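A short worksheet on the structure shown next.
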Amino acid sequence: MLAIVGTVPDPDFPLVQGEAVLEGDTLAVQGRSVEVNRGTPALAAAALKAREVLGGPAPVVFLVGDVGLGQGSRRLYDHLVEHIGDTAFSCIVFHYLQPDVDGHNRVLFALEAMEKRPLLIADAGFMYAAKMSGFASSYDLFTPDVGELAFLSDEEAPHPFYTRGFILHQEDHTPEHIARAYEHDNAAGLLLVKGAVDRVADREGVHATVDAPSEETMEAIGGTGDTLTGLVAALAASGMDMAQAAVTAARANRLAGAMARPTPATQILDIIRCIPAALEQVLR
Amino acid sequence: MSVAFLGLFKKENRSDQRVKSSQGDRGILIFENTSDVIRAETTLKTEGWPIRVMGPPPEIQRGCDLVIEFPLIEGLNILRRLEESGVSPMEVVPVVSPLLKPVDLFQVKDFGGYLMVRAANMKLTVDTHTGVIVNISGGGCPDVPYLAREMVGRTLSDSPVPRDIGHTLCGYALHLAWEEMRRRCLPS
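Chains A and B supply the protein sequences, listed in that same order.
For our numbering, add 381 to where a residue sits in the first sequence, where the first one is 1.
For our numbering, add 637 to where a residue sits in the second sequence, where the first one is 1.
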């Protein structure tokens, strides 16, 4: 079973834990609903669309409202420490949370106390905290974009905002950035780097690339990275090997994007709607 | 005022690392004089921020001999609050690597009719004919979806200012991208 952990941009949204369902353009859980726009709701929506093809149990989401002040995230960190071990999840994906090293460490130690540790995927703010903590290698997969990879590869930077210029200048040096991230132990066991070319890599180097179909405008569309992370999480939770899940997810996400005939003004829901058809085609 | 920040701790044993890495998400506010430090401390403590007054690290050669340690990620919110109180710091730096500076490089991509500016991990895309913000992507802090909701669909002239409604370093990076986009798209 997949667990999805993150926040929604509504300060009044309570902390909820439960099975999520898609109701039109909204994600519903425990009687509350939130618009699927970008961020964790987009990740969860992608995972739910993938489930239409993959089957299996519905993902459980842990959500809380947070607009960047951190209070919601801190409540969620506390909740996870208490409850994350209550269910035998096969895979947990951590997403938009206020980066907090102490909160991250407490959650990670709770996970390590579980009888059978789930597969762990981190993206967005939780990935930043995982890198800052020095425990990046405790994770099975990080899903950075090119800018976030530069941050992972900069052993000094505490946040992408402080990535040093000599690294940011190397826009076309993704393999070198991957190597540097591993050299300083700032990467998970596997990396899925989202970009013009998606790359699946580990400490030994890049093992697979996915570059088709190619829709350059996808980079501008908020949420395309979230849907990719949702897809790989759903596939890994279904039992697919993580590296294969990363490649399959990259192909399906690109195909869903192409099916939506995107422009830079396309919104992520238009792509999410295409995920079942795209995933079916990739798995065929 | 400039903003800079932290370095990281590498693997030692887990308990040592946990103690050390707890500083990895902290920043330092540097003030001109001790009186400003005290005023800022009073303001922030009154509002419940987890801060502490301490001596500056050896790399810091400026300001007075006291600094305030604070949660780095929430720097935008704290700086705004101090500005409102009339006690802005001279500089903000990461605890572990005080010589780091904020991103000042921008990547620009022209999609033909749409322009995208990236600052660090944040990307802002505008319809160049109408000036409407059509997408915001990237980022990982929880104010990014909030900022996107408030800004997408608005023009560069009438959108909220990211620095005014954002709270985190991702919000700050988006503000830099927004400023650069305005510089490129709006008449000076």
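Just so it is clear, CB atoms sit at the ideal spot from N, CA and C, and this is done for glycine as well.
The structure displayed is predicted, hence computed values, not measured ones.
Look at the alpha carbon of residue i and the alpha carbon of residue j, and state the distance between them as a whole number of angstroms.
i, j, result
"Cys807 of chain B", "Gly436 of chain A", "36 Å"
"Glu787 of chain B", "His485 of chain A", "29 Å"
"Val663 of chain A", "Ala631 of chain A", "10 Å"
"Gly586 of chain A", "Val574 of chain A", "12 Å"
"Gly451 of chain A", "Glu721 of chain B", "20 Å"
"Pro687 of chain B", "Pro708 of chain B", "7 Å"
"Lys648 of chain B", "Pro735 of chain B", "For Lys648 of chain B, the pLDDT reaches just 38, beneath the cut-off of 50, and the residue's location in the model is therefore unreliable, although a value from the coordinates is still provided. Computed Cα separation, rounded: 21 Å."
"Arg819 of chain B", "Gly420 of chain A", "25 Å"
"His766 of chain B", "Lys512 of chain A", "40 Å"
Taking the alpha-carbon of residue i as reference, which of the options has the nearest alpha-carbon?
i, options, result
"Tyr509 of chain A", "A:Lys575, A:Tyr477 and A:Val434", "A:Tyr477"
"Val745 of chain B", "A:Asp592, A:Val386 and A:Leu549", "A:Leu549"
"Gly466 of chain A", "A:Ala646, A:Phe490, A:Pro539 and A:Gly620", "A:Phe490"
"Gly515 of chain A", "A:Arg561, A:His588 and A:Asn567", "A:Asn567"
"Met495 of chain A", "A:Pro480, A:Cys472 and A:Thr421", "A:Cys472"
"Ser518 of chain A", "A:Ala384, A:Ser454 and A:Asp583", "A:Asp583"
"Pro694 of chain B", "B:Leu752, B:Arg663 and B:Leu823", "B:Arg663"
"Ile710 of chain B", "B:Glu817, B:Arg791, B:Thr792 and B:Thr805", "B:Thr805"
"Met475 of chain A", "A:Asp483, A:His464 and A:Val442", "It should be noted that the sequence gives Phe, not Met, for residue 475 of chain A. Taking only the C-alpha atoms, the option nearest Phe475 of chain A is A:Val442."
"Asp702 of chain B", "B:Arg689, B:Val769, B:Gly790 and B:Asn670", "B:Asn670"
"Asp795 of chain B", "B:Glu696, B:Gly768 and B:Leu813", "B:Gly768"
Strictly below 7 Å CB to CB, what residues from chain A border residue i?
i, result
"Met788 of chain B", "Going along chain A, no residue has its Cβ under 7 Å from Met788 of chain B, so there is no contact; the nearest lies around 10 Å."
"Pro912 of chain B", "Examination of residue 912 of chain B is not possible in this model, given that chain B is present from 638 through 825 alone."
"Thr762 of chain B", "Ala601 and Pro645"
"Ser722 of chain B", "Ordered by position in chain A, no residue passes the 7 Å Cβ test against Ser722 of chain B, which lies about 18 Å from the chain."
Quick one: list the residues of chain B neighbouring residue i, beta-carbon separation under 8 Å, in chain order.
i, result
"Val448 of chain A", "Pro779, Asp780, Tyr783 and His804"
"Asp526 of chain A", "Asn758 and Gly775"
Residue i touches chain E at which residues, Cβ-Cβ below 8 Å?
i, result
"Gln479 of chain A", "The displayed structure is made up of protein chains A and B, and chain E is not among them."
What residues are listed by DSSP as bridge partners for residue i?
i, result
"Gln398 of chain A", "A:Phe443"
"Tyr751 of chain B", "B:Asp764"
"Cys472 of chain A", "A:Leu383 and A:Leu500"
"Glu416 of chain A", "A:Thr407"
"Thr792 of chain B", "B:Val769"
"Ile667 of chain B", "B:Val704 and B:Glu728"
"Met599 of chain A", "DSSP lists no partner for Met599 of chain A."
"Lys430 of chain A", "Answer is none; Lys430 of chain A lacks a bridge partner."
For residue i, which residues in chain B fall below 7 Å Cβ to Cβ?
i, result
"Arg336 of chain A", "The first residue shown for chain A is 382 and the last is 665, placing residue 336 of chain A beyond what the model contains."
"Thr555 of chain A", "Result: empty, since nearest Cβ-Cβ is about 14 Å, beyond 7 Å."
"Tyr509 of chain A", "Gly777"
"Thr388 of chain A", "Pro779"
Can you give me the Cβ contacts of residue i inside the same chain, cut-off strictly under 7 Å, excluding the 5 residues immediately before and after it?
i, result
"Val640 of chain B", "Confidence at Val640 of chain B is low in this model, with a pLDDT of 46, below 50, so its placement is unreliable and no value can be given for it."
"Ala538 of chain A", "Phe532, Thr544 and Arg545"
"Leu396 of chain A", "Val445, Arg456, Leu457 and His460"
Sorted by chain position, which residues of the same chain lie with C-beta nearer than 6 Å to residue i's C-beta, five sequence neighbours on each side aside?
i, result
"Ala637 of chain A", "Ile652, Cys655, Ile656 and Ala659"
"Ala627 of chain A", "Leu573, Val581 and Val613"
"Tyr809 of chain B", "Leu713"
Could you name the residues of chain A that residue i contacts, counting a contact when the two beta carbons are closer than 8 Å?
i, result
"Val745 of chain B", "Within 8 Å Cβ-Cβ: nothing; Val745 of chain B doesn't reach chain A, min ~11 Å."
"Met753 of chain B", "Glu600, Ala601 and Pro645"
"Gly692 of chain B", "Neighbours of Gly692 of chain B on chain A: none; closest Cβ ~20 Å, over 8 Å."
Who are the Cβ neighbours of residue i in its own chain at under 8 Å, not counting the five residues just before and after it?
i, result
"Leu811 of chain B", "Ala756, Met759, Leu761, Ile773, Gly776, Val781, Leu784, Pro799 and Gly803"
"Pro541 of chain A", "Tyr509, Gly528, Glu529, Ala531 and Phe532"
"Thr647 of chain A", "Thr598, Ile602 and Ala641"
"Asp406 of chain A", "Glu416, Val417 and Leu650"
"Thr608 of chain A", "Ala423, Leu424, Ala426, Ala427, Asn634, Ala637, Ile649, Ile652, Ile653 and Ile656"
Taking C-beta pairs closer than 9 Å, name the residues in chain B that residue i reaches, listed in chain order.
i, result
"Leu549 of chain A", "Val740, Leu742, Gln744 and Ala757"
Against residue i, what residues of chain A qualify as contacts under a CB-to-CB distance less than 9 Å, listed in chain order?
i, result
"Phe668 of chain B", "Within chain A, no residue comes near Phe668 of chain B; the closest Cβ sits about 21 Å away, beyond 9 Å."
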